[in-house]
Structures are given as C-alpha cells and as structure tokens.
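>
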Amino acid sequence: MKKEIISLRQAVCVMCLLITGSSIAVGVQTDLGQDSWLPVLISSVCVVPVLFIYGRIMKLYPEKDIFEIIETLFGKLAGKIIIVLMTWYALHLSANVLRMFSEFVKINTLTETPQLAIMIAMLLVVLYMAKSGIETAGRWAVLMLFIIAFIVLLTIVLSVNKWDFSNFLPVFEHGPGEIVSSSYKMLISPLTDTVLFLGIACAIKKEDSPYRLFSYALIISVIIMLGIVVRNTLLLGPAMMKATYFPSYVSVSLIDIGDFFARVEGSITMNLILGGIAKLTVCLLAASKGCARLFGFRDYRHILMPVGLLSLALCAILYKSIMEMVDFEDILKIYKIPFHLLIPVAVWITAEFRTRGKNPAEPHEASS
Amino acid sequence: MRRLIACVLMAAMLAPLGGCWNYRGLDEIMIVMGSAIDKEQGSENYRITYEIIDLNKPVKAQGINTVIVSSEGKTKFEAARNAKKKVSNKLYFGHTQVFVISEEIARNEEIGGIIDFLLRDAETRETACLVVLRGKTAREIFETKSLSNIAVSNEIHDIISNDQKITSSTLRVPIYEIFNTLKSEGKALVLPAFHRVDNNGETVNEANGIAVFKEEKLAGFLTPEETKYFLIATNKTKGGILPIASEKSGHADAALEISKNKTKLSFTARGDKVKVKIKTETIVYLGEILKDINTTDLAKIAELQDIAEKKLEANIMSVIKKTQSEFGADIFGFGRMIRKKDFKLWNRLKDNWDEQFRSLKVEVRSDVKIVNTAYLMKT
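Chains as they are written, first to last, in the numbering used here: chain X, 1 to 368; chain C, 369 to 747.
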C-alpha cells in the first residue's frame with residue numbers, strides 16, 4: 001500500500017476545521033454571556049501544554065498513527081485494550097457530531113425531513129471522502145477553510161450596522177469559578193478534540209515539525225472562534241445568546257442591509273455542512289484506522305463502510321432529543337478526560353522512557 | 369453490465385436532487401404578512417387573525433390582494449395551526465413582518481409568553497416587530513385600508529421602520545431585542561403603539577407613540593409628542609421636528625428639523641444615592657419661521673438655539689417625570705446603564721430599583737446647534 005502523505009499546510013487546515021467545525025454554526029460556549037470571549041482566550045493558552053504533548057508524541061514517532069504507537073509501546077494485550085478505548089472514542093465522537101448536525105438541520109431548515117435521511121446523506125458524502133483517502137481530505141480542507149473563514153469574515157463585516165458595543169459591558173461580571181469552568185469546557189470540547197488528529201498522524205512527513213502544525217492550527221482556530229464570539233455578542237447580546245441553541249445561526253439571520261441584502265443564514269448552514277464533513281471525516285478515519293489496527297487489517301479503507309454504518313446506528317440511538325444532547329454535555333466534559341488527557345499523557349511518558357538515549361528523530365524500529 | 373448498473377444508479381441519484389423532503393410549491397404556500405393576537409371575550413381561547421397574500425389574483429392591475437383568515441385555539445400555537453381548518457395549506461410565517469396584540473392582552477398577560485412563542489418557532493423572523501393596537505381588539509388593524517396599496521402589515525412595518533428618521537413618533541423594536549430587554553435587568557420594555565383614525569372617509573392606521581410595559585405588562589402609553597423626547601433622551605432619534613416659540617412667550621412659530629442627535633447618559637453615585645445626567649447634542653436646520661428675521665444675525669440664531677435648548681430640557685424632564693410618577697418603569701434604561709458601568713453598585717441597587725427610579729434625580733443638559741437655514745437668508 002502506498003503511503004499517504006499530506007503537506008504541513010493541508011494538515012493545519014484539517015486541524016483548524018476539526019477545532020472550529022461545530023463552533024461555526026452552533027456557536028462557542030455561551031455560559032458567560034457577554035464575557036464569552038474570555039474563556040476562548042484562557043483555554044487557548046491553557047491548551048498549549050496539552051498540544052505540546054500531542055506534538056511530542058508525533059515527534060518521537062514520526063509518520064506513525066497513535067494506534068501503531070500504542071501497540072509498539074504497550075505490547076499486544078494492553079495495547080489492544082487502549083486501542084479499543086481510543087477507537088470507541090473516535091466512533092462515539094463521530095456519532096455525536098453527526099447527531100448534532102442532523103439536529104441543527106432538522107430544527108432550522110428541513111423540519112419535516114426524517115432525521116435519518118439527513119444523517120445518511122451526510123454520512124455518504126463523508127464516507128466517500130474518507131474512502132478517497134487522507135490526501136484528498138487534506139486538499140479539500142485547504143479550500144474549505146478558506147471559504148469558511150471568508151464567510152465568517154463576511155458576516156462580521158455585513159453586520160456592521162447592527163453592532164452594539166455596549167453588549168460587552170459589564171466586563172468580568174462573572175466570578176473566577178464560572179470563568180474557569182467555562183474555559184475548561186472550551187479546552188475539553190473543541191480544542192483538545194485534536195487528539196483525533198493523532199489517529200491520522202501517519203500522514204505527516206517526518207520533516208514537518210508537529211509543533212508548528214499545532215501552533216499554526218491553534219492560532220488560526222482561535223482567531224476564527226473569537227470572530228464568531230465577538231460577532232454573536234455584538235449582534236445578539238448576552239440574554240439571547242444564552243437562550244438559543246444556535247447563536248451563530250440566529251445572529252446571522254439578523255443581518256439586513258437596506259432590505260435587499262438579508263437572510264444570509266444559509267451561509268451558516270453551508271459552513272456547518274463543510275465543517276461537519278471535515279470533522280466527521282477525521283473521526284471516521286481515526287475510528288477505522290483503530291479498527292484496522294485492532295484486527296490486523298492492512299488497509300483501513302475496507303472497513304470504512306461498516307464503521308460508518310456503526311456510527312450511524314450509534315448516532316440514531318445516542319439521544320432521544322436535543323434537550324438530552326445538551327444535557328449530556330455535562331457528562332461529556334468528564335467523560336472526555338481519559339481520551340484527551342490520560343491516554344495521551346501515558347503514551348507520551350512511556351514514549352519518552354522508551355526512546356531515551358536514542359535520537360528522537362529515529363525511534364527504534366519496532367513493528368512495521 | 370457495469371455500464372447498465374452505472375446508468376441505473378445515476379438515474380436513481382436524480383430522485384433526491386429534486387429538492388428537500390417537504391417540498392412546497394410557491395402557489396401552495398399561504399404567506400402570512402401579519403398576524404393579530406386577541407383573546408376571546410369571556411373565554412380562555414386565543415383568536416389569531418392573519419393577513420395572507422393572495423397569490424392567485426393578478427398583482428399588476430389591482431395591487432397586492434390579501435385575504436383575512438382567523439382561527440381559535442387554547443394556546444397561540446394551537447390557534448396558528450387551527451387555521452388549517454379553513455384554508456387549504458399550512459400557513460407560512462417566514463415572511464411575517466408584524467405581530468399585533470390588543471391592549472387587553474398587553475394589559476393582562478405577560479408579554480414573555482408571546483415572545484417565547486414567536487422566537488421558538490423556526491419560521492418566524494427575529495427581526496419582525498410587535499405592535500400594540502389601541503382599542504378593543506387587535507384584529508381591527510386589518511379592517512382598515514392601506515394607503516400605499518400594499519398589505520396593511522407591510523405598511524405598518526414600513527411606517528415603524530422609517531419613522532425615526534422623519535417624525536420620531538414611535539420606535540422599532542425587533543423581537544430579539546424585546547427578548548433581550550425582558551431577560552436583562554434595569555430596563556423596561558417599550559413597544560410601538562398604533563391606533564385607527566379617520567382619513568378622508570376611510571379608516572387607516574396611524575403610529576401613536578409607544579406602549580410602556582412594567583414587569584411584562586402594559587402600564588400605559590406615551591403620546592407621539594412625548595415619544596419624540598423619549599427617543600431624544602435615549603439616543604434613538606434620527607430626525608423629527610422641534611417646534612419652538614421664537615419669542616419668550618407666545619405660541620410655536622418656528623420649526624427646527626433634527627439632522628443629527630447624540631445623547632450621552634452618565635451617572636454619579638454618592639454611596640447608594642444615584643444621580644443621572646443626560647446630555648443631548650442636537651444638530652438642527654431651521655425649516656420654518658413665521659416672524660421676519662435676519663438669519664445671518666448670529667445673535668438672533670444664538671437666541672433661537674437658547675430657546676430650543678430650554679424647551680428640549682423641559683420636555684425631556686416632563687417625560688421623565690411622567691414615567692416616574694405614572695408608570696414607575698425605567699424605560700430609559702438608567703438601571704441598565706448603571707449595571708453596565710458599575711455592576712457592583714447595581715447589585716446593591718437592583719432589589720428596590722423600581723422604588724429608587726420613582727425618586728431618581730435626573731439632570732438634563734441640552735445643546736442645540738442650528739447649522740443652516742435652508743434656502744432663505746431673510747424673510
């Protein structure tokens with residue numbers, strides 16, 4: 001099998017879409033109302049050490065995905081158990097993402113279409129993309145990130161006549177406890193979702209520094225997310241932002257320039273679909289790579305379809321309603337800790353230990 | 369064989385390309401331009417009346433035709449769906465621009481319930497307006513004639529939207545702003561008010577100031593005249609006429625047209641005693657004067673400016689006094705301003721803000737500048 005390689009730029013774009021994918025349409029954490037921009041900044045600073053760990057893992061074992069690394073480090077049995085956990089997580093996250101996007105479409109645009117039809121349509125596209133390989137996804141991501149960033153910028157500029165700067169006042173109304181909790185949610189939910197990228201890390205060239213990859217991706221995503229938060233606050237104000245499920249969609253629907261340029265919220269739906277496809281593709285790629293490693297298949301593509309269907313089935317039974325989905329976020333923020341922090345840290349420490357004394361650029365030739 | 373399968377698959381793919389699941393043709397949609405919400409006398413039911421665009425008649429010859437449909441239900445949403453009993457299709461609210469409520473509903477029911485219904489529905493626009501119609505029922509608004517040969521709802525929407533530039537007699541408040549006002553502290557809600565008047569033998573709708581809400585219920589109305597000064601005090605006005613008397617005593621014989629207005633609110637606090645300052649800066653044109661006057665005489669212009677300033681200050685004060693004594697509702701958003709600038713002070717004040725507002729000390733300073741006198745130099 002030919003090795004798939006994507007360039008640094010493509011990798012950065014894939015990762016940006018992975019981080020911002022859901023924030024674009026659904027909006028960033030709104031617990032703090034007018035102070036919502038604060039957790040974005042705080043969490044993006046706090047996430048740096050975590051991303052450093054991810055980058056270090058990639059540096060120590062270049063051109064390998066996390067499942068391969070786990071198997072090398074922990075041996076057959078323990079390695080398999082951890083791979084099962086990580087694969088389950090990738091699958092669960094993909095189901096989660098799919099569900100959120102279908103709920104969005106169901107509530108906002110296609111109210112009478114059965115949700116399953118929406119999910120299947122979305123999944124088919126994603127499967128096709130995943131089947132075409134990581135290289136295709138990488139090339140696609142470059143173009144799409146540009147389009148998404150452009151639309152976000154456009155909505156910010158076009159809404160200029162509706163800006164209300166007093167929506168940001170009073171600043172720092174919330175206590176440190178609330179700020180920490182909201183920042184933590186930001187950190188755990190979109191920012192460290194990048195752990196999934198380790199699942200397709202084998203596509204990054206040895207020469208490309210993973211630290212640069214993570215830092216570029218972080219900076220671009222934080223700028224996009226800040227733009228979204230600032231726009232939503234300027235347009236909606238804290239009360240409305242907290243009340244709606246989809247602040248970005250509602251705030252863009254207010255745009256109205258001289259009665260003829262209005263109702264551009266379709267652009268948000270488009271952004272959502274593009275971002276969703278990117279995020280889902282990475283999730284499914286990671287999940288099927290994990291499965292392939294688990295059962296010793298040589299090519300992950302053969303099991304993409306079953307994994308996709310599994311994700312679809314999971315997605316349909318995951319929640320009964322959108323209320324349950326939002327309620328589950330409280331559990332998610334604890335549930336994600338092992339996958340985002342504990343396992344990567346364990347992998348990192350073991351990897352440091354194993355490669356000590358050797359040149360990190362040339363780790364020991366274990367498997368392959 | 370492969371080709372055949374490919375062809376069949378391609379043909380199959382055409383099916384979903386047709387569009388969305390719940391396809392509705394344009395001729396099958398009942399586009400609602402405006403709805404009026406009433407409560408039936410002596411019963412618990414809501415009666416909602418809709419103005420629907422009639423797409424079947426030619427528009428060119430007779431202008432836009434509308435059909436009036438009304439339906440009843442135990443809740444507003446049920447009433448909206450019950451309209452299906454009378455018409456062939458489900459009503460489409462995506463283009464609705466105006467929702468009208470009757471004075472009675474505004475007085476007796478919490479406005480939050482209506483806003484929830486309007487915002488929760490995916491079809492209605494967050495930018496639609498809510499209007500209070502003075503009189504017995506809200507549906508009377510559709511029993512009038514539109515003067516511009518468009519749907520009555522459209523006309524009302526246009527009247528409200530353009531009003532602040534020309535007359536400053538009412539205020540446009542989109543639904544999402546109503547929600548924000550209701551959910552945040554320190555500001556009472558105002559909504560545009562309309563009434564029906566006779567115009568050349570026909571009944572038409574006219575903007576009639578604003579409706580003042582206290583704790584989600586209607587407390588009273590400001591007249592169009594008072595609304596003008598309210599809008600100046602809250603920095604919402606973009607135009608309008610200031611009539612003044614050019615002599616110290618006597619009736620109004622000159623008119624100034626507002627070209628630009630900027631109002632700043634500030635406050636000083638000594639302990640928990642708050643004093644609010646309103647500073648208005650207005651740029652006006654002299655548009656009409658009865659007396660012979662040489663407008664190049666700067667002393668005379670300064671005198672006119674002085675009179676206008678005094679008059680503006682007095683009128684703004686009297687609107688504030690009225691809201692303090694009659695309604696006790698902080699429609700100027702003084703509380704919100706304090707909250708935004710000093711939320712620690714506000715946390716101490718908020719529990720009995722309504723009481724404090726009634727006795728709040730307010731100082732108004734106005735600055736009027738006449739920048740031109742239109743075509744004429746002398747009269």
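Positions of the beta carbon are idealized from the N, C-alpha and C atoms, including for glycine.
So for threonine 269 of chain X, helix, strand or coil by DSSP?
If you number the first sequence from 1, residue 269 of chain X lands on position 269. Helix, per DSSP.
> Output yes if chain X places a C-beta closer than 8 Å to the C-beta of phenylalanine 547 of chain C; else output no.
Counting from 1 along the second sequence, the entry for residue 547 of chain C is found at position 179. For phenylalanine 547 of chain C, the answer is yes, since a Cβ of chain X falls inside 8 Å of its Cβ.
> Please return the same chain residues whose Cβ sits closer than 6 Å to the Cβ of isoleucine 219 of chain X, not counting the five positions on each side in sequence.
Counting from 1 along the first sequence, the entry for residue 219 of chain X is found at position 219. None.
> According to DSSP, is tyrosine 743 of chain C helix, strand or coil?
As a working note, residue 743 of chain C is residue 375 in the second sequence. Correct three-state label for tyrosine 743 of chain C: coil.
> In three-state DSSP terms, what is phenylalanine 197 of chain X?
For the purposes of this step, residue 197 of chain X is identified with residue 197 of the first sequence, where counting begins at 1. The answer is helix: DSSP assigns phenylalanine 197 of chain X an H, G or I state.
> What number of angstroms, rounded off, separates the C-alpha of asparagine 167 of chain X from the C-alpha of serine 251 of chain X?
As a first step, residue 167 of chain X is located in the first sequence; it is residue number 167 there, counting from the start. As a first step, residue 251 of chain X is located in the first sequence; it is residue number 251 there, counting from the start. Approximately 13 Å, taken between the alpha carbons.
> In whole angstroms, what is the alpha-carbon distance linking leucine 341 of chain X and cysteine 283 of chain X?
Looking up residue 341 of chain X in the first sequence gives position 341. Looking up residue 283 of chain X in the first sequence gives position 283. Cα to Cα, the separation comes out at about 17 Å.
> To which residues of the same chain is serine 367 of chain X closer than 8 Å at the C-beta, ignoring the five residues directly before and after it?
In the first sequence, the residue the question calls residue 367 of chain X occupies position 367. Low confidence applies here, because serine 367 of chain X scores a pLDDT of 43, under 50, leaving its location unreliable and the question unanswered by this model.
> Please compile the residues from chain C whose C-beta is within a distance smaller than 9 Å of the C-beta of asparagine 271 of chain X.
For this step, residue 271 of chain X is matched to residue 271 along the first sequence. Result: empty, since nearest Cβ-Cβ is about 18 Å, beyond 9 Å.
> Does any residue of chain C bring its CB to less than 8 Å from the CB of glutamate 365 of chain X?
On the first sequence, position 365 is the one that residue 365 of chain X refers to. Confidence at glutamate 365 of chain X is low in this model, with a pLDDT of 47, below 50, so its placement is unreliable and the value that follows should be read with caution. No, glutamate 365 of chain X does not count as interfacial toward chain C.
> Spell out whether any CB of chain C is found under 8 Å from the CB atom of aspartate 256 of chain X.
On the first sequence, position 256 is the one that residue 256 of chain X refers to. Chain C contact via Cβ: present.
> Against methionine 122 of chain X, what residues of chain C qualify as contacts under a CB-to-CB distance less than 8 Å, listed in chain order?
Here residue 122 of chain X is taken as the residue at index 122 of the first sequence, counted from 1. Under the 8 Å cutoff, chain C gives no residues; its nearest Cβ is about 13 Å from methionine 122 of chain X.
> Is DSSP giving histidine 364 of chain X helix, strand or coil here?
The residue you call residue 364 of chain X lines up with position 364 of the first sequence. Note that histidine 364 of chain X has pLDDT 49, beneath the 50 cutoff, so the model's placement of it is unreliable and the number below is only indicative. It is coil, neither helix nor strand.
> With 16 as the cutoff for other CB atoms within 10 Å, does phenylalanine 339 of chain X come out buried or exposed?
Residue mapping note: residue 339 of chain X aligns to position 339 of the first sequence, counting from 1. Per the 10 Å Cβ criterion, buried.
> Note down the Cα distance separating glycine 441 of chain C from threonine 492 of chain C, rounded to an integer number of angstroms.
Walking along the second sequence from the start, residue 441 of chain C turns up at place 73. Walking along the second sequence from the start, residue 492 of chain C turns up at place 124. Between glycine 441 of chain C and threonine 492 of chain C, the C-alpha separation is close to 19 Å.
> Beta carbons nearer than 8 Å to chain C: which residues of the segment 161-189 of chain X have them?
Under the 8 Å Cβ criterion, the segment 161-189 of chain X contributes Ser166, Leu169, Pro170 and Glu173.
> Would a C-beta distance cut-off of 8 Å place lysine 205 of chain X and aspartate 65 of chain X closer than the cut-off?
Translated into the one-based positions of the first sequence, residue 205 of chain X becomes position 205. Translated into the one-based positions of the first sequence, residue 65 of chain X becomes position 65. Not a contact, by the Cβ cut-off of 8 Å.
> Do valine 468 of chain C and isoleucine 420 of chain C have their beta-carbon atoms positioned less than 8 Å apart in this structure?
Counted from its first residue, the second sequence places residue 420 of chain C at position 52. Counted from its first residue, the second sequence places residue 468 of chain C at position 100. Their beta carbons are not under 8 Å apart, which means isoleucine 420 of chain C does not touch valine 468 of chain C by this criterion.
> Label alanine 587 of chain C either buried or exposed according to how many other C-beta atoms from any shown protein chain fall within 10 Å of its C-beta, with 16 as the threshold for buried.
On the second sequence, residue 587 of chain C is found 219 positions in, with the first residue counted as 1. Result: buried.
> Cβ of serine 368 of chain X less than 8 Å from any chain C Cβ?
Against the first sequence, residue 368 of chain X aligns to sequence position 368. Note on serine 368 of chain X: pLDDT 39, under 50, position unreliable in the model; the coordinate value appears next. No, its Cβ sits nowhere closer than 8 Å to a Cβ of chain C.
> Using a Cβ cut-off of 9 Å, which residues of the segment 713-747 of chain C contact any Cβ in chain X, in chain order?
If the cut-off is 9 Å between Cβ atoms, the segment 713-747 of chain C has Trp714 near chain X.
> Look up leucine 590 of chain C in the DSSP assignment and say whether it is helix, strand or coil.
Here residue 590 of chain C is taken as the residue at index 222 of the second sequence, counted from 1. Strand, per DSSP.
> If the cut is a Cβ gap below 8 Å, which residues of chain X does tyrosine 460 of chain C touch?
Sequence index remark: in the second sequence, residue 460 of chain C carries index 92 (1-based). Residues of chain X passing the Cβ test: none, with the nearest at roughly 12 Å.
> Look at the Cβ atom of leucine 358 of chain C, then the Cβ atom of serine 470 of chain C, and state whether they are nearer than 8 Å.
Here chain C has residues from 369 to 747 only, and residue 358 of chain C is not among them.
> Mind checking if leucine 236 of chain X is an interface residue toward chain C, Cβ cutoff 8 Å exclusive?
The residue you call residue 236 of chain X lines up with position 236 of the first sequence. So, interface residue.
> Using a C-beta cutoff of 8 Å, does methionine 305 of chain X count as contacting chain C?
In the first sequence, residue 305 of chain X corresponds to position 305, counting from 1. No, methionine 305 of chain X lies away from the interface with chain C (no Cβ there is under 8 Å from its Cβ).
> Using a Cβ cut-off of 8 Å, pull out every chain C residue sitting near proline 250 of chain X, in sequence order please.
The count along the first sequence starts at 1 and reaches residue 250 of chain X at position 250. For the sequence presented, residue 250 of chain X should be read as valine rather than proline. Within 8 Å Cβ-Cβ: Glu494 and Tyr544.
> Just list the residues that DSSP pairs alanine 637 of chain C with in beta bridges.
Translated into positions along the second sequence, residue 637 of chain C becomes position 269. Note: alanine 637 of chain C sits in a beta bridge opposite C:Val642.
> Tell me the DSSP bridge mates of threonine 417 of chain C?
One-based indexing of the second sequence puts residue 417 of chain C at position 49. DSSP output for threonine 417 of chain C lists C:Ala404 and C:Ser438 as bridge partner(s).
> Does the separation of the CB atoms of methionine 705 of chain C and leucine 633 of chain C fall below 8 Å?
By one-based count along the second sequence, residue 705 of chain C stands at place 337. By one-based count along the second sequence, residue 633 of chain C stands at place 265. Yes. Within cutoff.
> Identify the residues that DSSP records as bridge partners of lysine 630 of chain C: which are they?
Counted from its first residue, the second sequence places residue 630 of chain C at position 262. In the DSSP output, where bridge partners are listed per residue, lysine 630 of chain C has C:Glu649.
> On the premise that serine 627 of chain C lies in contact with isoleucine 651 of chain C, defined as a C-beta separation below 8 Å, what is that separation, rounded to the nearest angstrom?
What you label residue 651 of chain C is simply residue 283 of the second sequence in a count that begins at 1. What you label residue 627 of chain C is simply residue 259 of the second sequence in a count that begins at 1. With a Cβ gap of about 5 Å, isoleucine 651 of chain C and serine 627 of chain C count as contacting.
> Tell me whether aspartate 422 of chain C sits in a helix, a strand or coil according to DSSP, three-state version.
As a position in the second sequence, residue 422 of chain C is number 54, starting the count at 1. Three-state result, aspartate 422 of chain C: strand.
> With DSSP run on the structure shown, which of helix, strand or coil describes arginine 733 of chain C?
Stepping through the second sequence from its first residue, residue 733 of chain C is reached at position 365. It is a strand residue.
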